Amino acid sequence: MKPRSSLNVERLEDRDQPSTITLDANNNIVYTAGQGVANSVAVNPSLMNQGELVITETAENITSVPMGWTLSPDNRTATGPFNANSFVEFDVGDQGDYVNATMSPVWVKIWGKEGNDTLYGSQYSDRMFGGDG
Ligand SMILES: [Ca+2]
């Protein structure tokens with residue numbers, strides 16, 4: 004029997020940094036974009052389940068989500084629970100990004116960073132940081 008070849012694990016370069024959704028220590032939802040991507044991301048209430056929200060990214064795949072969340076087969080839509088006291092934080096990194104939080108069920112914190120960004124906050128008291136560009 005022929006031996007199987009071993010798998011090689013390659014170190015990801017910075018430009019390959021994936022986009023992720025995580026929870027911080029206070030259960031706030033944190034979306035962190037990959038580098039070198041002009042992101043296009045939106046947050047909306049779930050139409051299926053009250054108490055859940057949907058984060059959609061059309062510019063790159065979302066590679067990981069917190070426990071209890073689901074990711075669509077195309078890795079562009081993540082759905083998960085939120086509580087009314089929490090917020091959603093977006094770090095869209097470099098490039099000219101687009102963030103639409105107009106329908107967000109909670110307030111948002113957005114880091115636009117480098118690039119000419121287009122940022123739309125929620126109906127609540129948001130915190131938005133444009134950065135350069
Ligand atoms: Ca970006």
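One rule links them: number in our numbering = place in the sequence shown (from 1) + 3. Even glycine gets a Cβ: it sits at the ideal position worked out from N, Cα and C. For clarity, every value in this text was computed on a predicted model and none was experimentally measured.
Nearest-angstrom Cα separation, counted from residue j out to residue i
i: M131; j: G99; result: 15 Å
i: D77; j: M106; result: 23 Å
i: W3; j: V111; result: Residue coverage of the chain in this structure runs from 4 to 136, which leaves residue 3 outside it and unanswerable.
i: V86; j: S125; result: In the sequence under discussion, the amino acid at residue 86 is Asn, which differs from the Val named in the question. Roughly 16 Å between the two C-alpha positions.
i: T80; j: L26; result: 17 Å
i: W114; j: S49; result: 24 Å
i: V33; j: S67; result: 12 Å
i: M70; j: A104; result: 23 Å
i: P108; j: A28; result: 20 Å
i: T121; j: D129; result: 15 Å
i: P84; j: V91; result: 11 Å
i: K116; j: Q20; result: 16 Å
i: I65; j: S75; result: 9 Å
i: T35; j: S22; result: 5 Å
Check whether residue i and residue j have beta carbons under 8 Å apart
i: E63; j: G96; result: no
i: N30; j: S89; result: yes
i: N119; j: G134; result: no
i: Y127; j: V102; result: no
i: V40; j: F93; result: no
i: T82; j: E55; result: yes
Residue i, DSSP secondary structure in three states
i: T66; result: strand
i: A154; result: Outside the displayed range of the chain (4 to 136) lies residue 154, so it cannot be described from this structure.
i: W114; result: strand
i: L50; result: coil
i: A36; result: coil
i: Y127; result: coil
i: A28; result: coil
i: A41; result: coil
i: T121; result: strand
Supposed contact pair residue j and residue i - C-beta distance, whole angstroms, cut 8 Å
i: V57; j: N47; result: 5 Å
Along the chain, which unbroken stretches of the beta strand (DSSP E) at least 3 residues long are found entirely within the segment 67-102? 80-84 and 91-94
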